[in-house]
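One structure below.
Numbering (the numbering used here), first residue to last: 15 to 200.
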């Protein structure tokens with residue numbers, strides 16, 4: 015376990031609460047010296063102490079460990095990427111580019127849209143995600159709520175939650191579209 019990252023997480027949560035170490039110590043029942051050592055990554059706190067910290071910060075215990083990661087999980091090698099296929103496997107392939115896919119709040123996908131193809135027959139929409147798409151190679155049309163818009167190489171489109179959309183390639187060349195999906199801001 016990386017005690018420095020744990021300490022930084024505790025420090026960040028404490029500061030968000032607007033508490034000094036002394037105030038936090040009084041509130042949590044943990045000594046100021048132990049809190050200071052934990053925040054500097056110089057202590058190996060017991061589970062009991064971690065539970066007191068989480069309770070005092072009003073956060074689930076597991077959130078203290080979210081920032082603990084394996085550096086290898088932050089790298090996505092091309093040969094190891096997962097692929098996502100849509101309705102028609104012949105025309106649409108998404109490469110999942112996001113390292114550590116399940117722990118990230120952002121999804122990064124590269125879509126290969128083959129010649130004279132579309133992402134879906136009708137449309138697609140996300141109820142809980144916002145999407146940004148960048149045409150990296152070629153040209154495409156994006157259909158938003160039934161209206162088509164031309165996108166050239168380098169053009170970007172923002173697709174808010176619940177907007178019906180699809181991408182269409184009317185050329186004889188495969189195009190590449192980069193997608194960034196994030197949780198919707200409510």
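Yeah, the Cβ is synthetic: ideal placement off N, Cα and C, and Gly gets one too.
Beta-carbon gap between residue 35 and residue 47 smaller than 7 angstroms: no
For the candidate residues 178, 66, 16, 148, whose alpha-carbon lies nearest to that of residue 134? Comparing alpha-carbon positions, the option among 178, 66, 16, 148 lying closest to residue 134 turns out to be 178.
Can you tell me the Cα-Cα spacing of residue 79 and residue 20, whole angstroms? Going by C-alpha positions, residue 79 is about 6 angstroms away from residue 20.
Determine the closest residue to residue 16 out of 54, 144, 132, 161, with distance taken between C-alpha atoms. When each option's Cα is compared against that of residue 16, the closest is 54.
Helix, strand or coil for residue 201 per DSSP? The chain is shown from 15 up to 200; residue 201 falls before or after that span and cannot be answered.
Let's see if you can read the secondary structure: which residues bound the beta strand (DSSP E) around residue 145? 143 to 151
Can you tell me which of the three DSSP states residue 57 falls into? coil
With respect to the beta strand (DSSP E) encompassing residue 154, which residues constitute its N-terminal and C-terminal limits? Element bounds for residue 154: 154 to 158.
Starting from the Cα of residue 41, find the closest Cα among 171, 29, 67 and give me that residue. 67
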